[in-house]
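Written below as structure tokens is the structure these notes are about.
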Amino acid sequence: MMTRVLLPLLAVLVAAEAPAAPAPSPVVRRLALLVGVNDGGPERTRLRYATTDAQSISKVLGELGGVTPADRVLLLETGREGLMEGFARMKGLVESARASGASRVEVLLYYSGHSDDEGLLLRGERVDYGELRRALADLRADVRIAVLDSCASGAFARRKGGTPRPAFLVDSGSQVSGQAILTSSSADEASQESDRLGASFFTHHLVSGLRGAADMTRDGRVTLNEAYQFAFHETLARTERTQKGAQHPAYDIEMAGTGELVMTDLRATSATLVLADTLEGRLFVRDAAGTLVVELLKVSGRPTQLGLAPGRYQVRRELDGSLSEAAFTLTEGQGTTLSAANFASVPGEATVSRGGPKEAHEVDTSSRRRLLLNLGLVPGVSTNALLAGDEPVENRLALGVMNDGTALKKGVALAFISNVYDEELEGFSGALALNVAGRDMRGVHSALALNVAAGSLTGAQLAVGVNVTAGSVQGGQFAVGVNVARGKVRGVQGTAGLNWASGAFTGLQASSGISIAQGGLEGAQVSLLNVSGDVTGAQVGLINVARRVKGTQVGLINVSEDIQGVPIGLLSFVQKGQLHLEVWSSDIQLLNAGVKLGSKYVYTTLQAGVGPDDRLQRFSLGLGFGGHIPLGSRFWLDLDAVGSNVHGFERPFNGGNLLVQGRAMLGFQIFSHLAVFVAPTYNAFFAFSPGQQRELTTFGSRVAQVDSDVSVRYWPGAQAGLRF
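Under this note's numbering, residues -4 to 719 are what the sequence shown spells out, in order.
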């Protein structure tokens, strides 16, 4: 009895002493639409790092910003339609977040690419700023942040009413709502990229700030205000001496309420790098792949924490004109401290100018010993080694089995096997096996097997096997096997096998095999298979593949995203061109079907028909070429010529004939994917043997005898049908 009384009493007392359960924190859902487009259209210089900038923002938001993969929409090399579809997907995610019980929804739009003072430029298509603002406002989120890294993007941040307030991104306790717009430049400035950074200046410094470089309060969180201020000052400082001048980021904030709007939480990462308070200098942190992930100016007197993924890293420090490096590994769940004692001095290096060609830097030759002639047997057994020992040696003439040295300066090197030089190779080099330059090649270099320039090439590489240039090419590469240029090319690549240019190509690529111009082409490609980015000129081959073409493609199969010109081929697939299915009836065949494919104004048509009536006694197969003429918004006119063969089902492909038709098809677009058309035709049916001439039409026709075997029947006809 006593037990039954004490147990309930004890339970009441324990419950009374227990602390009250904390109220559940509000659920915050963060969404991000991330857009990177290098291509601004045919009149715009192609960017290099817009897509990788968008990927960098996506990565840091995923690692430190609380945005899950399912809540990130990443659009690369998209057009206007793709961007609008992205906004539609974001709208669906916002509604889904609301339905799932999220108390706050925050949306971030990031765009890297081309723009002007009127709007974004995506692959030649414009999205004006007014339309962009409306699409952003249509996302019913509590907070909307837009970050634009593009030229003249400050025009988007011009005041449209409202009062500027401090910028924050929401934490779980915030009551802030509204919209914030950050841009990489003012309304009349260019936003700049850097080859050294492998990114745009603004996005690079924004990402560095989000990873912790901007955490001025050292609370382990980076607010939007901190990130923007860091990106503003770093971008301005690093662009003041560039060719295009200083770049001034801008903003437009329309916020109301109180609270902290946090962009990233450094405590969310599984590994941290702590920069000791005594460490100072400008630091460049690269991951194991060599990608620059963080850059910051570290000042002495306060520690700095950076949020990074686990892995191996290398950091370079610039301080008072000297360089030093350190390597470290971040481990899951641990922090790593870096101090000045971890760094070791390194020599300087040649640099490359922002966004342009390599700067003409002078090679320091003062320490070289100059010997006119080198006679070499094998590396280390030569007159260079005998007279100069380990000193760097520069020669004008080299003869031997295997020649080596520091450099050949405006001379001649002839070897039975190889010419291998640590630095530049200038003049003429000839070898049965290979020629190798540790830096630039200038002049003519001929080898049976391999020519390699670790720098650029000015002149010609000639090989039966392979030519490789790691930098740019001005001149020519000629091989039976393979030509490879990793940089820009101005000149010629000719081979029986493969031509490959990673950078922009200006000139001629010719091959009996494959030619690839990854960075685009101005000139011509003539090969069995031609592949390029943007093309200004011509592709001539069996198969031609390009992105945007200003000129022509001539081949059996042509593939492009868009073409301003004429594709000539059996099959021309143009993403922004024509691809129509047509079904019609005519005076010749009861039922016909055809496919039209090509550019906006020029097409190829493939046709088949059965008839002449419901007895289906014969069939026809045809191929034609024509042009499309829009007549206002709904009417259009197609003019084409079609050649077909007509055969009976009982004895198909027996004998020879040709039906030639000229058609004028007048169409009316009922809906976007449905049109009706009528077409007067003129027909000529050539029979190449007496037994092939036949009555094909119910219309009146006339027959003319060309010779004893060949006759032609001709008549006017008609067609009517539907286009899908």
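Quick reminder that beta carbons are idealized off the backbone N, C-alpha and C, glycines included. Computed from a predicted structure; not experimentally measured.
Cα separation between Leu429 and Leu192?
-> 34 Å
Tell me, please, which residues DSSP counts as bridged to Leu403.
-> Asn390 and Leu420
Could you check the C-alpha separation between Ala383 and Gly470 for me, to the nearest Å?
-> 34 Å
Per DSSP, Asn33 forms a beta bridge with which residues?
-> DSSP output for Asn33 lists no bridge partner at all.
Going straight from the alpha carbon of Val597 to that of Asp112, what length do you get?
-> 34 Å
Kindly identify the DSSP beta-bridge partner or partners of His642.
-> Phe614
Per DSSP, what kind of secondary structure is His200 in: helix, strand or coil?
-> helix
Spell out a yes or no on whether the region 77 to 93 and the region 283 to 295 are touching, meaning 3 or more CB-CB pairs, one atom from each, closer than 8 Å.
-> no
To the nearest angstrom, how far is it from the Cα of Leu115 to the Cα of Gly108?
-> 8 Å
Return yes when the Cβ of Thr464 is within less than 8 Å of the Cβ of Arg481, no when it is not.
-> yes
Please name the residue in Gly564, Asn478, Gln714 and Thr218 whose C-alpha comes closest to that of Ala588.
-> Gln714
Whole-angstrom distance between Thr401 and Ala541, CA atom to CA atom = 42 Å
Environment of Gln534 [buried if 16+ CB atoms lie within 10 Å] = buried
Buried or exposed: where does Gly60 fall if 16 or more other Cβ atoms within 10 Å of its Cβ makes it buried?
-> buried
Apart from the five residues just before and just after Gln700, which ones in its own chain have a Cβ nearer than 7 Å to its Cβ?
-> Ser706
Buried or exposed: where does Gly716 fall if 16 or more other Cβ atoms within 10 Å of its Cβ makes it buried?
-> buried
With 16 as the cutoff for other CB atoms within 10 Å, does Lys730 come out buried or exposed?
-> With the chain covering only -4 through 719, there is no way to say anything about residue 730.
Apply the 10 Å Cβ neighbour rule to Arg543 and answer buried if 16 or more other Cβ atoms are within range, or exposed otherwise.
-> buried
Note the first and the last residue of the continuous alpha helix (DSSP H) segment covering Phe648.
-> First-last for Phe648: undefined, no H or E at that position.
How about Ile52 and Val202: do their beta carbons lie closer than 8 Å?
-> yes
Cβ-based neighbour list, Gln456, same chain, cut-off 6 Å, excluding 5 preceding and 5 following = His440, Asn446, Asn462 and Gln472
Proximity of Leu301 and Arg206 at Cβ, strictly below 8 Å = yes
CA nearest to the CA of Leu42, picked from Asn33, Gly572, Gln50 and Asp48 | Asn33
Classification of Gln612 by the beta-carbon crowding that lies within 10 angstroms, buried from 16 upward | exposed
Using beta-carbon positions only, say whether Val68 and Ala49 come within less than 8 Å of one another.
-> no
Could you tell me whether the Cβ atoms of Tyr677 and Pro625 are closer together than 8 Å?
-> no
Starting from the C-beta of Thr273, find all residues in its chain whose C-beta is less than 7 Å away, skip the five residues before and the five after it, and write them out in chain order.
-> Ser295, Ser334 and Ala335
Does DSSP put Gly156 in a helix, in a strand, or in coil?
-> The predicted model places Gly156 with a pLDDT of 29, which falls under 50 and marks its position as unreliable; any figure quoted below should be read in that light. Of the three classes helix, strand and coil, the one that applies to Gly156 here is coil, per DSSP.
Nearest-angstrom Cα separation, counted from Asn220 out to Ser340 | 36 Å
With which residues is Gly593 paired in a DSSP beta bridge?
-> Gln573 and Tyr598
Taking the alpha-carbon positions, what's the Val479 to Glu275 distance?
-> 43 Å
Report buried or exposed for Thr346, applying the criterion of at least 16 other Cβ atoms within 10 angstroms of its Cβ.
-> Because Thr346 carries a pLDDT of 36, less than 50, the predicted location of this residue cannot be relied on, and the following value inherits that uncertainty. Exposed.
Per-residue DSSP class, three states only, for His109 = strand
Beta strand (DSSP E) runs wholly inside the region 500 to 574, at least 3 long, in chain order | 500 to 506, 509 to 512, 516 to 521, 524 to 527, 530 to 535, 538 to 540, 543 to 555 and 557 to 569
Is there contact between the region 621 to 638 and the region 657 to 670, where contact requires at least three CB pairs shorter than 8 Å?
-> yes
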